[in-house]
Amino acid sequence: MHILFVHGLGASPIWGAPLLFRLRKAGHSTSNFSYMVSRHDFETIKKRLMKTIEHIAQQGEYALVGHSLGGILLRAAVLDLAPEIRRPAKLFLLGSPVTSTLGSRILKDCFLYRLLARDCGQLVSTQRRMKAIGVPPVETICIIGTRGRYGRFSPFGSASNDGMVQEKELCAERFSHAVKVDASHSFLAFSREVAQCAIEHLAR
């Protein structure tokens, strides 16, 4: 099966390299979708992603993997695909929030964050915009990282988190499957647990 990886905000396709390497070893073909939030708004990126997905869909069965903002882009893109376009066999969301996140709300008025993250950064901090992006009717696996900071000096207090996103912000109950892994947000695609989870689900 062909797997398309979409990286998160402020990252690059390199971030998906460990995961895609393990998927190729398992017999799958892979590719990346690259974008820059400092240059384009969410809608522009989503439309380009839709064209990439449409091209892949013409080749046969495929799956999608989105890390953080990449997962939000994938949900929006799949929901807007024309009815005649083949849907993905699986959608993997790695630490990808469904609601606005506490971290982004803390940063949203920071000049540097606004400058670098632009429209996409503001989207993740705005509950109205996040709620407007639904859940596509495809088998979806929500990957939850648990290696976050807890306690007195954590902005998340005692809430389960991956260092950037709280578990409750992933709304895992809305998806087909939810899998917890011992990994931090930025390194979910580096995790052997995540790769093994993807390989097992793709084999079903």
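Following full-length UniProt numbering, the numbering of the sequence shown begins with 1 at its first residue and continues without gaps.
All C-beta atoms in this analysis are idealised placements derived from N, C-alpha and C, irrespective of residue type, glycine included.
Just so we're clear, the structure is a prediction, and the values are computed from it rather than from any experiment.
Nearest to residue i (by Cα), restricted to the options the options
i           : options               : result
P83         : P137, G151, F190, W15 : P137
R105        : Y150, F156, G145      : F156
Q196        : V6, A117, P18         : P18
I141        : S100, E43, A198, V78  : A198
A178        : K51, G145, R22, T99   : G145
Q166        : R147, L74, R86        : R147
L107        : G95, L123, V98, K46   : L123
G134        : L74, I53, E200        : L74
H67         : H201, E173, S34       : S34
residue 205 : H185, R174, T126      : As displayed, the chain neither begins before 1 nor continues past 204, which places residue 205 out of reach and without an answer.
M36         : E54, A26, S12, I53    : S12
L81         : T52, G103, K25        : T52
W15         : S186, H201, F153      : S186
M50         : N32, S38, A76, K25    : A76
H201        : E139, G10, M164       : E139
Below-8 Å beta-carbon distance, residue i vs any chain C residue
i  : result
V6 : The displayed structure is made up of one protein chain only, and chain C is not part of it.
Spatial distance of residue i from residue j (CA atoms)
i    : j    : result
I3   : L20  : 8 Å
N161 : V194 : 16 Å
L170 : I72  : 11 Å
I143 : K180 : 6 Å
L188 : R149 : 16 Å
H7   : R86  : 22 Å
G151 : S158 : 5 Å
A132 : S29  : 32 Å
Y62  : V98  : 23 Å
V78  : L112 : 31 Å
G27  : L64  : 16 Å
D109 : E173 : 31 Å
F175 : S96  : 12 Å
R129 : N32  : 26 Å
R114 : M1   : 38 Å
K168 : K46  : 25 Å
G103 : F153 : 14 Å
G10  : G163 : 16 Å
Own chain residues within Cβ distance below 6 Å of residue i, not counting five before or after
i           : result
L23         : I3, T30
residue 205 : This structure does not reach residue 205, given that the chain is present from 1 up to 204, and the question cannot be answered.
Nonlocal neighbours in the same chain, by C-beta distance under 7 Å from residue i, ignoring five residues either side
i    : result
S191 : V181, A183
R204 : none
S38  : L116, R118
query: Curious, which full-length beta strand (DSSP E) runs of at least 3 residues does the region 175 to 200 contain?
result: 177 to 181
- request: Enumerate, from N- to C-terminal direction, the unbroken beta strand (DSSP E) stretches of 3 or more residues contained entirely within the region 140 to 174.
  value: 140 to 145
- request: Quick one: which unbroken beta strand (DSSP E) runs of 3-plus residues sit fully inside the region 9 to 92? Chain order, please.
  value: 29 to 33, 62 to 67
task: Would you be able to state if there are at least three C-beta pairs under 8 Å between the region 90 to 110 and the region 53 to 60?
output: no
query: Are the region 111 to 122 and the region 36 to 47 in contact at 8 Å, needing three or more beta carbon pairs?
result: yes
message: Quick check on the DSSP output: what are the complete beta strand (DSSP E) runs of length 3 or more inside the region 86 to 140, in order along the chain?
response: 90 to 94
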